[in-house]
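Under the working numbering, the first residue of the sequence shown is numbered 967, with each subsequent residue one higher.
Glycine is no exception: its CB is placed at the ideal position from the N, C-alpha and C atoms.
This one's a predicted model, so the numbers in the text were calculated from it and none came from an experiment.
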Amino acid sequence: MITTADDVIRADLDHICAKLETEFPLMRGSQFLITGGAGFLGYYLVQAVLHWNHSQVESDRVKLTVYDNYSRGVPEWLTALDSDPCLTLVKHDVTNPLPEDMPAFDYIIHGACIASPTYYRQCPIETMDANVNGLRYLLDYCVQRKASSSPVRAFLFYSTSEIYGDPTPEDIPTPETYRGNVSCTGPRACYDESKRYGETLCVNFADQHELPIKVARPFNNYGPGLKISDRRVLPDFVRDVLAGRDIVMLSDGSPKRTFCYSADAVAGYYKILLRGRPGEAYNIGVPEPEISMADLADRVVALGQELCGYQGRVVKKVSEDSDYLVDNPNRRCPIIDKARAELAYDPSIDIDEGLRRSFIWYQGNSEAEDA
């Protein structure tokens, strides 16, 4: 029975490793780099591979290096893992040239980027630099490694479902072949357009240099690791509940999303890294249920009432930020047939269980510095 944040983490790590029972062995004895590993998705990307290591003989364990600028300091969960001999933490801003003494990595995941709309709109140039310049440094590294005796075996770039922009109704649910309806000058463009260009870089490097580069397009991931201060919708709602105040909804509640729990999503990202085709992009999310922000708020209220005696309600207000909802799509829902067929991607933690686990995790992680 899952009743504490530690229970959630154990269950999720077991879930991820079970989903990857044929993939993780491909990484035996390898050197692995994750950029942005101190962030939301890094939370389980990092812990899952170290969790898998515990069941392996020493020579088969993955040696993991995390690059991050640690702009808010090294998070407690990562500090707690620092004694693991298979983990190396390096303070490095990916918008700068790579360290000269960089090891010969076998696998790379480039996840370093601001992903919360509130924060990337405050730092648009830094956001673009991470997705373009930071990516280019890593792709050039892959070219250099290919010329050596130890080429990179697989590279994953984190793109986003926001490269689709605001799809027309007939293009929802959205397949990877949809070209997008995106503003190149709006308040979200720094993120959306730099991710689109990042994908173009990846596809062309994969083709021209015959490199094993793959692309992930996450759709509304949530769960442990997503700071309560992140300013995305679920942590905002839970933060209000745990503070005992009314949930403040900064829209009319009508926008709809499908939400994918982080343990399922991270399993999907590793499947792309290890089984995906070079030069290809894969949607990672869930196709159903599509729920409105009003429905999500009601579900969080019900969990709060059950788990901590919450007595508040949902209040709708207009954001003081005039750009808050600009270019924010009314619906976002993926088609995941490609990932199912090619990667055996099979998300199985439903929205009710995922929200319950998330709420319990936030009860144990109710304070955080700004994301």
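- Excluding its 5 nearest sequence neighbours in each direction, Leu-1200 has C-beta neighbours in its own chain below 6 Å: Tyr-1188, listed in chain order.
- Looking at the backbone, the Cα of Tyr-1328 and that of Gly-1270 are separated by about 11 Å.
- Minimum Cα-Cα distance from Ala-1078 among the listed residues Phe-1203, Arg-994 and Ser-1160 corresponds to Ser-1160.
- DSSP places Asp-1048 in no beta strand (DSSP E); its state is neither H nor E.
- DSSP links Asp-1034 through a beta bridge to Lys-1057.
- Taking 8 Å as the upper bound for CB-CB distance, Pro-1300 and Ser-1127 are in contact here, some 7 Å apart.
- In summary, Pro-1135 is exposed, with fewer than 16 beta-carbon neighbours lying within 10 Å of its beta-carbon over all protein chains present.
- The bridge partners DSSP lists for Tyr-1227 are Tyr-1188.
- One thing to note: Ile-1315 has its Cβ no nearer than 8 Å to the Cβ of Val-1266.
- Looking only at Thr-969, Ser-1332, Val-1023 and Ile-1091, the smallest Cα-Cα distance to Leu-1192 is reached by Ser-1332.
- When Cβ pairs closer than 8 Å are counted between the two stretches, the region 1166 to 1183 is seen to touch the region 1237 to 1257, the count reaching three or more.
- The Cβ neighbour count for Lys-1304, taken over all protein chains shown within 10 Å, is at least 16; the residue is labelled buried.
- Straight-line spacing of the CA atoms in Tyr-1276 and Val-1098 works out to 44 Å.
- Here Ala-1233 carries a helix assignment [DSSP, helix/strand/coil].
- Going by DSSP, Gln-997 is part of the beta strand (DSSP E) stretching over 997 to 1001.
- Residue pairing by DSSP places Phe-1121 opposite Ile-1074 and Ile-1179 in a beta bridge.
- Apart from the 5 residues on each side of it in sequence, Leu-1177 sits with its Cβ closer than 6 Å to the Cβ of Cys-1108 and Phe-1171 in its chain, given in chain order.
- Contact annotation: the region 1136 to 1148 does not touch the region 1010 to 1023, with fewer than three C-beta pairs closer than 8 Å.
- Classified as buried, Cys-1168 has 16 or more neighbouring CB atoms from the shown chains inside 10 Å of its CB.
- In the displayed model, Lys-1112 falls within a helix according to three-state DSSP.
- With a threshold of 16 other beta carbon atoms within 10 Å, Asp-1218 falls short and is exposed.
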